[in-house]
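Numbering (my numbering), first residue to last: 370 to 481.
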C-alpha cells in the first residue's frame, strides 16, 4: 500500500525549494534551485524529478513563499505564509524554546 507523502514547496523571488517526506518525517526527496524568473518551469521540473525518484505516489502539497501565493491560488493548492510555516516547524521540532528567528530571502528579511 502506498502511504501518502507530505510535500512542502517554497517558491521565492529567486529560488524554488521542495521537500517530500513520508509519514515519519523522513526526507525522501529534496531540491533547491534558482528559477531564473521562471518559477512554474522550475516547479514542473522538480515535480518531474520527484516522480522519477519516487514513482507514482499520492502527495499532499502545501506552498509557501513570495511567488507561491499566486501559484497556489491558480492551482487550488493550500498556501501557508512562510514565517507561519517556519514558526510552526520550530515549535514542533526544536525542544528548547527559540526566542529569535531570522529569515533572509531573496527580496526581504523577516524577524520574529
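The beta-carbon is built from N, C-alpha and C at its ideal position, and this holds for glycine as well.
Please read all numbers here as calculations on a predicted model, not as lab measurements.
Straight-line CA distance for residue i to residue j?
| i | j | result |
| --- | --- | --- |
| residue 412 | residue 418 | 10 Å |
| residue 396 | residue 374 | 10 Å |
| residue 453 | residue 402 | 23 Å |
| residue 487 | residue 432 | Not covered by the structure: residue 487. The range shown for the chain is 370 to 481. |
| residue 439 | residue 466 | 33 Å |
| residue 444 | residue 481 | 30 Å |
| residue 406 | residue 459 | 30 Å |
| residue 415 | residue 400 | 7 Å |
| residue 372 | residue 423 | 12 Å |
| residue 426 | residue 420 | 8 Å |
| residue 409 | residue 379 | 12 Å |
Quick one: what does DSSP say residue i is sitting in, helix, strand or coil?
| i | result |
| --- | --- |
| residue 477 | coil |
| residue 378 | strand |
| residue 409 | helix |
| residue 449 | coil |
| residue 436 | coil |
Taking residue i as the reference, give the member of the options with the closest Cα.
| i | options | result |
| --- | --- | --- |
| residue 479 | 424, 460, 456, 441 | 456 |
| residue 394 | 450, 377, 421, 451 | 377 |
| residue 476 | 434, 407, 410 | 434 |
| residue 430 | 461, 469, 447 | 447 |
Could you round the C-beta distance between residue i and residue j to whole angstroms and report it? I think they count as a contact, below 8 Å.
| i | j | result |
| --- | --- | --- |
| residue 381 | residue 436 | 6 Å |
| residue 472 | residue 442 | Contact flag wrong, Cβ pair sits at about 22 Å. |
Any heavy atom of the ligand MN inside 8 Å of the beta-carbon of residue i?
| i | result |
| --- | --- |
| residue 478 | In terms of ligand content, the structure shown is empty, and the ligand MN therefore cannot be addressed. |
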